[in-house]
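Report on one structure; see the data block that follows.
Number of protein chains: 2
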Amino acid sequence: MLRVNKLTDYAVVVLCDLLRGRALRSAADLSASSGVPLPTVSKILKQLARTEILQSVRGANGGYGFARAPERISMAEVIEALEGPIAVTGCAGDAGECCELTDQCPMNGHWSAVNVAIRRSLDEVRLIDMLPEARFMDPEDLSSSIAARHAPVLHA
Amino acid sequence: MLRVNKLTDYAVVVLCDLLRGRALRSAADLSASSGVPLPTVSKILKQLARTEILQSVRGANGGYGFARAPERISMAEVIEALEGPIAVTGCAGDAGECCELTDQCPMNGHWSAVNVAIRRSLDEVRLIDMLPEARFMDPEDLSSSIAARHAPVLHA
DNA sequence: AGATACTGTACCGTTTTAGTCCTATATATG
DNA sequence: CATATATAGGACTAAAACGGTACAGTATCT
Numbered sequence: 195m196l197r198v199n200k201l202t203d204y205a206v207v208v209l210c211d212l213l214r215g216r217a218l219r220s221a222a223d224l225s226a227s228s229g230v231p232l233p234t235v236s237k238i239l240k241q242l243a244r245t246e247i248l249q250s251v252r253g254a255n256g257g258y259g260f261a262r263a264p265e266r267i268s269m270a271e272v273i274e275a276l277e278g279p280i281a282v283t284g285c286a287g288d289a290g291e292c293c294e295l296t297d298q299c300p301m302n303g304h305w306s307a308v309n310v311a312i313r314r315s316l317d318e319v320r321l322i323d324m325l326p327e328a329r330f331m332d333p334e335d336l337s338s339s340i341a342a343r344h345a346p347v348l349h350a
Numbered sequence: 195m196l197r198v199n200k201l202t203d204y205a206v207v208v209l210c211d212l213l214r215g216r217a218l219r220s221a222a223d224l225s226a227s228s229g230v231p232l233p234t235v236s237k238i239l240k241q242l243a244r245t246e247i248l249q250s251v252r253g254a255n256g257g258y259g260f261a262r263a264p265e266r267i268s269m270a271e272v273i274e275a276l277e278g279p280i281a282v283t284g285c286a287g288d289a290g291e292c293c294e295l296t297d298q299c300p301m302n303g304h305w306s307a308v309n310v311a312i313r314r315s316l317d318e319v320r321l322i323d324m325l326p327e328a329r330f331m332d333p334e335d336l337s338s339s340i341a342a343r344h345a346p347v348l349h350a
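Those sequence lines, one after another, are chains A and B. Residue numbering for the first sequence is 195 to 350, as defined by my numbering. Residue numbering for the second sequence is 195 to 350, as defined by my numbering.
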């Protein structure tokens, strides 16, 4: 079925919620407003904060916010943040690890054609395209409305 | 990691082997030449024969062959044959089934943007692009060489 | 009739995933 | 400085998915 993890699915829910609210929100806050259980939200946000997608602030009044302008975050990034490099099979990755049939295996990394194709298409889907409002708004209205919601952005 | 099943991986190995050999090959034959265990090869071929990719002939001297000109088979078809419809999450599918958070879930099928993008890119990767020889040959040489190997094609 | 080869289904052990919890660390506030 | 708040990191467990195998059935060739 070419699935992504359920966690990745939830991540998009949470990220869209974050897109809607103030610039800095706590995990508990996001859990309450998204309906996703707190431990799960925590896990997701922690993962995302390790990349260039989210930025975290520790301590009282801390929380998570976007590390970059959210309009410029692609789904490829989100998926990679939660599931590692986009590689459809173990064989096709850059890593040396391969199946036991290496000698006879006539593939030798030819899934990379598929990987590249998928990677490219995911680069072109933006996180904000996942917002339900997206389908009712034209791209310009959308970005300006998001910009407005995020007046006090974190990312300097 | 956005994986496909291991079975799908093996399917490509076996299909490429079939691409190389005679038009009609038995499962045992393909198992021997590809190195994939017979029961597994059987399972894969059975699945593929349910679609328009392979065609089966029962009884002595039977086997499997392509149901259509193999140059026109896309990876999207192969993946769908083995894993069902290309849908990255349960939510996004056409089926009514959705997560438990339906009410609050702000997604409502917005993974479909991702699904469509992936589907489109997989439509453009052909099965023959997975052949190791593919990278050393230009498209025309390749299709003619495949056509030559498959002179007595099954598909009318 | 017998041998060959696909068809369908059911089963089980292994691996992966989802979800939870605990301890450590950082920061704001009184 | 003490305390409350919040993230960081990692370990652990129960559940689901997957891979692989086996078996009984059907079709076809010789």
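We put the beta carbon where it would ideally sit given N, CA and C, even for glycine.
Are the C-beta atoms of residue i and some chain B residue less than 8 Å apart?
| i | result |
| --- | --- |
| S315(A) | yes |
| A281(A) | yes |
| L201(A) | no |
| G278(A) | yes |
| L212(A) | no |
| A307(A) | yes |
| L196(A) | yes |
| L209(A) | no |
| P300(A) | Only weak support is given to the placement of P300(A): the predicted model assigns it a pLDDT of 48, under 50, and the question is left unresolved by the model. |
| A205(A) | no |
Counting only beta-carbon atoms, is residue i nearer than 8 Å to chain A?
| i | result |
| --- | --- |
| P233(B) | no |
| I312(B) | yes |
| D223(B) | no |
| R244(B) | no |
| R219(B) | no |
| K240(B) | no |
Throw me the rounded Cβ distance for the residue i and residue j pair, which I believe falls under 8 Å.
| i | j | result |
| --- | --- | --- |
| S315(A) | R314(B) | 7 Å |
| M195(B) | E277(A) | 5 Å |
| R266(A) | E246(A) | Rounded, the Cβ-Cβ distance is 10 Å, inconsistent with contact. |
| V319(B) | A281(A) | Actually they are not in contact, since the Cβ atoms of V319(B) and A281(A) sit about 15 Å apart, beyond 8 Å. |
| L212(B) | Y258(B) | 7 Å |
| V230(B) | V206(B) | About 11 Å; that fails the 8 Å criterion. |
| T202(A) | V198(B) | In fact, because the Cβ distance is near 16 Å, the residues do not count as touching under 8 Å. |
| L321(A) | L242(A) | Not quite, the Cβ-Cβ distance comes to about 11 Å (not below 8 Å), so this is no contact. |
Starting from the N-terminal side, write out each stretch of the alpha helix (DSSP H) that is 4 residues or longer and does not extend beyond the region 227-281 of chain B.
-> 232-243 and 269-277
Members of the region 249-278 of chain A that neighbour chain B once the beta carbon cut-off is set at 7 Å = M269, I273, E277 and G278
Given 8 Å, three or more beta-carbon pairs between the region 225-236 of chain B and the region 262-282 of chain B | no
Specify whether the region 223-230 of chain A and the region 205-223 of chain B touch according to this definition: at least 3 beta carbon pairs, one from each stretch, less than 8 Å apart.
-> no
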